[in-house]
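Participant: Pasting a structure below so you can have a look.
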Amino acid sequence: MELQLDGLPGPTNIHGGLSPGNLASQANAGAKAHPRAAARQCLAKMRAVMALGVPQAVLPPLERPDISFLRAAGFAGTDAEVLVAASREDAQLVRHASSSAFMWTANCATVIPAADSADHFCHLVPANLTSLPHRSIEAGPRTRMLRHLFADGERFVVHDPLPAVSVLADEGAANHHRVQGPAGACHLFVHGRTTASAAADLPQRFPARQWQEASAAVARLGRARAIVHARQHPAAIDAGAFHNDVVMAGVADRILVHERALVDQPQVIAELERRCGTLRLAEISELELSLEQAVRSYLFNSQMLDTPTGIVLLAPAESADGPARAVIDRLKSEGFFARTEFIDLRESMMGGGGPACLRLRVPLDESGLAAVAGGIILDEDKLRRLEQWVDRRYRRDLALSDLRDPALIGECRTALDELTRILDLGKLYRFQGGSV
Ligand code: SUG
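So the sequence shown is numbered by my numbering: it starts at 1443 and just counts up by one.
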C-alpha cells in the first residue's frame, strides 16, 4: 500500500512570487492570500483520498515566520523586534521566512521503500531544496520532523539532506517515480542538468533545479536496487515545468507522460520496461495537449491512486475543461483509469502546486504503517477536528504587507501548539521544547 503524506500551509501562507520558472508563482506575486481557504482545500483533498480507501496522513506545517533564519541574518532583539526590524530593512527576506511552500511535500524527501532497498530499510532522504532561498530553509526542520514521525530505527532511516551545494541541488520526489511492473520495481530519477551539461542542452529561459549528481547521491543513500536516470526535456522546463511532476505522473505500472517530458524518452521508457516488464503507457502528444496547456491545466500533476476499486485520477479543477478534459475523457474510455475526480486547490495552484505536489508517497506494508507516528494518520473524526482548528486559527486573508505584524508569531505558535495536541505528537516544535 502507499501512504499519502500531505502537507498543510501554515497561518502565514502567502503568494510571494518567490519561484522563478514557476509561472503560477510569478503570475500571482503579491496577490492577497487566503490561508484559511488554502488549508481547507488541502484538507478537502485528504478527505477525498480517504474516501477512496487509501491511507492518508498529514505532515504538520513548519513554524513561520522563521525567526531563527532572520536572526542568522543579523536581526536581533525579541522575536517581535526581529520581525519588525527585518520587515523594515529587507521585506523580501521576511517573505522567505514566512512562506508556506513546505506544504508541497512532494519536495520534502525521496522515499526508497524497504521492498526496494538493498538493506530492507525504508529510506527517506530529505531534499536540501538549495535552488531557492524560501525552500532551502525547509530542509533542516523538516528532517527533524521526519525523524520524529518515522522514529522506528528498526525500519526507517531518515538521512541528512545532501550538502547544500549547487551540484547536489535536490528537489525530492517531485523528480522521482517508482515504477512497478510485472517483473519488479524500478526508480526513475529525473534531473534538469549535470555538471557535464553543455550550454546548448540547458533550458534557455528558466533554471533547471535538480542536478543529476544529486539524484545519484539520493539513489546511493537510499540503497535503491534498480534505478534509471533521465533528463528532463529543456523545452518542458522552459514551458514552466520546473519539476518533472508537472509533465509526468504514474502509479504502479501506469505512466501518464507528455511526449516532451524527457530527453530520449523512447529509450527511457524501453529501459523501464526492460527492468519492470510491460507497462501501460499514455503518452500525450503536443498536438493533443501542448506543453503550454499542460502547464496551464496541471493535468500531469494529478494524483494517480491505486484504490481498492481501480486506478483513480484525482485531477485539479483547472483540467476539468478544454483540451485537458478531452485527454482525461479519452484515457478513461480506454480504461487507463477507472474513475476521475476533480478537486479545487485554487490557493495552492496559485503557487504552482497541484494535487501531486501536495503529497509525499510512502509505500509501506501493514507493519510499516503501524510504525509511523499514529497521530498523523487521519480518520474522519480527526479530519473534522482539523477543519475546526483551521477555522479557529487561520486568518481569512493575508497580504504581503501583513507579514510585518508581530502578532503572527504568536498566532502561528498557538495554532501549531494546538495541532500537536490534536495529532498527539508531544513536544514537536522548538517553542515547545522540541526539535523542529
Ligand atoms: O517550489 N511554489 C513551489 C511549488 C512546488 C510544486 N511542487 C511540485 N511540483 N512537486 C515551488 O516553486 C511558490 C511560492 C510563492 O511564490 O510564494 C512556490 O514555492
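The beta carbon of each residue, even a glycine, is placed where N, CA and C say it ideally should be.
The model shown is predicted, which means the values in this text are computed figures rather than measured ones.
Mapping DSSP to helix, strand and coil, what is Glu1860?
Facilitator: Here Glu1860 sits in helix by DSSP.
Participant: Give the straight-line distance between the Cα atoms of Leu1886 and Glu1531, rounded to the nearest whole angstrom.
Facilitator: Outside the displayed range of the chain (1443 to 1878) lies residue 1886, so it cannot be described from this structure.
Participant: Per DSSP, what kind of secondary structure is Arg1667 in: helix, strand or coil?
Facilitator: In the structure shown, Arg1667 sits in coil (DSSP, three-state: anything other than H, G, I, E or B).
Participant: Which one of Phe1592, Gln1446, Gly1472, Asn1470 has the shortest CA to CA distance from Trp1881?
Facilitator: Absent from the structure is residue 1881, since the part of the chain shown begins at 1443 and ends at 1878.
Participant: Around the C-beta of Met1443, are 16 or more other C-beta atoms found within 10 angstroms, so that it is buried, or is it exposed?
Facilitator: It counts as exposed.
Participant: Following the continuous beta strand (DSSP E) through Arg1803, name the residue where it begins and the one where it ends.
Facilitator: Per DSSP, Arg1803 belongs to the beta strand (DSSP E) from 1801-1805.
Participant: Figure out for me which residue from Glu1760, Thr1751, Phe1778, Ala1694 has the closest Cα to the Cα of Ile1726.
Facilitator: Looking at the Cα atoms, Phe1778 is the closest of the given residues.
Participant: Going by Cα to Cα distance, which pick from Ala1551, Ala1490, His1675 is closest to Gly1634?
Facilitator: For Gly1634, the nearest C-alpha among the options comes from His1675.
Participant: In angstroms with no decimal places, state the Cα-to-Cα distance between Ile1770 and Ala1813.
Facilitator: Each residue's alpha carbon lies about 37 Å from the other.
Participant: In three-state terms, what does DSSP make of Phe1784?
Facilitator: Correct three-state label for Phe1784: strand.
Participant: For the ligand SUG, I want to know if Leu1731 counts as a neighbour, meaning its beta carbon is within less than 6 Å of at least one of the ligand's heavy atoms.
Facilitator: It does not: the Cβ of Leu1731 is nowhere closer than 6 Å to a heavy atom of the ligand SUG.
Participant: Is His1576 buried or exposed, if buried means 16 or more other CB atoms sit within 10 Å of its CB?
Facilitator: The residue is buried, with at least 16 neighbouring Cβ atoms inside 10 Å.
Participant: List the whole-angstrom C-beta distance separating Ala1548 from Leu1802, where the pair is believed to meet the contact cut-off of C-beta under 8 Å.
Facilitator: About 6 Å; that satisfies the 8 Å criterion.
Participant: Would you say Ile1818 and Ala1499 are within 7 Å of each other, going by their C-beta atoms?
Facilitator: Contact: yes.
Participant: On the DSSP bridge list, what partners appear for Trp1653?
Facilitator: DSSP lists Arg1635 as partners of Trp1653.
Participant: With DSSP collapsed to three states, give me the class of Glu1687.
Facilitator: In the sequence as presented, Glu is not what sits at residue 1687; that position holds Asp. Correct three-state label for Asp1687: helix.
Participant: Under a Cβ-count criterion, where at least 16 other Cβ atoms within 10 Å of its own Cβ denotes burial, should Pro1750 be classed as buried or exposed?
Facilitator: When all chains shown are included, Pro1750 counts as exposed.
Participant: Beta strand (DSSP E) containing Asp1748: first to last residue?
Facilitator: Start and end: 1745-1749.
Participant: Flag this pair as yes or no: are the beta carbons of Asp1612 and Ala1569 separated by less than 7 Å?
Facilitator: Yes, the Cβ-Cβ distance between Asp1612 and Ala1569 is below 7 Å.
Participant: For Val1553 versus Val1878, is the C-beta spacing smaller than 7 Å?
Facilitator: Against a cut-off of 7 Å, the Cβ pair of Val1878 and Val1553 comes out as no contact.
Participant: Straight-line CA distance for Arg1717 to Ile1864?
Facilitator: Answer to the nearest angstrom: the Cα atoms are 44 Å apart.
Participant: Just the Cα atoms here: how many angstroms apart are Glu1655 and Thr1637?
Facilitator: Distance between the alpha carbons of Glu1655 and Thr1637 is about 8 Å.
Participant: Please determine, among Pro1848, Trp1831, Ala1691, the residue with the shortest C-alpha to C-alpha distance to Leu1450.
Facilitator: Leu1450 has its Cα closest to that of Trp1831, out of Pro1848, Trp1831, Ala1691.
Participant: Going straight from the alpha carbon of Ala1736 to that of Leu1704, what length do you get?
Facilitator: Computed Cα separation, rounded: 14 Å.
Participant: From the DSSP output, in three-state form, read off Val1832 for me.
Facilitator: Helix at Val1832.
Participant: Got a sec? Which residues, its chain only, sit under 6 Å from Phe1511 by beta carbon, not counting five neighbours each side?
Facilitator: Here the set comprises Ala1539, Ile1579.
Participant: For a test of your reading of the model: does the CB of Ala1616 fall under 6 Å from any non-hydrogen atom of the ligand SUG? Yes or no.
Facilitator: The answer is yes for Ala1616.
Participant: Near Ala1475, which residues of its chain fall below 6 Å by C-beta distance, leaving aside the five closest residues on each side in sequence?
Facilitator: Excluding sequence neighbours, Ala1475 sits near Asn1455, Ile1456, His1457, Leu1840.
Participant: Return helix, strand or coil for Arg1506, following the three-state DSSP convention.
Facilitator: Coil at Arg1506, not helix or strand.
Participant: Cβ-heavy atom distance between Gly1795 and the ligand SUG below 6 Å?
Facilitator: Yes, the beta carbon of Gly1795 sits closer than 6 Å to at least one heavy atom of the ligand SUG.
Participant: Report back the beta-carbon spacing between Val1491 and Leu1756 to the nearest angstrom; my notes put them in contact at under 8 Å.
Facilitator: Contact holds; Cβ gap of about 7 Å.
Participant: Could you give the first and the last residue of the continuous beta strand (DSSP E) run that contains Arg1722?
Facilitator: Counting along the chain, the beta strand (DSSP E) containing Arg1722 begins and ends at 1722-1726.
Participant: With a cut-off of 8 Å on the beta carbons, I'd call Phe1563 and Val1599 a contact; round off their distance for me.
Facilitator: That belief holds up - the Cβ atoms of Phe1563 and Val1599 are roughly 5 Å apart, short of 8 Å.
Participant: If we ignore side chains and look at the alpha-carbon of each, how far apart do Asp1706 and Thr1782 end up?
Facilitator: Each residue's alpha carbon lies about 30 Å from the other.
Participant: Is it the case that the Cβ atoms of Pro1453 and Glu1730 are separated by a distance below 7 Å?
Facilitator: Contact flag unset, no.
Participant: Mind reading off the beta-carbon distance from Arg1665 to Ser1809? Whole number of angstroms is fine, and I expect it under 8 Å.
Facilitator: Contact doesn't hold; Cβ gap of about 20 Å is too wide.
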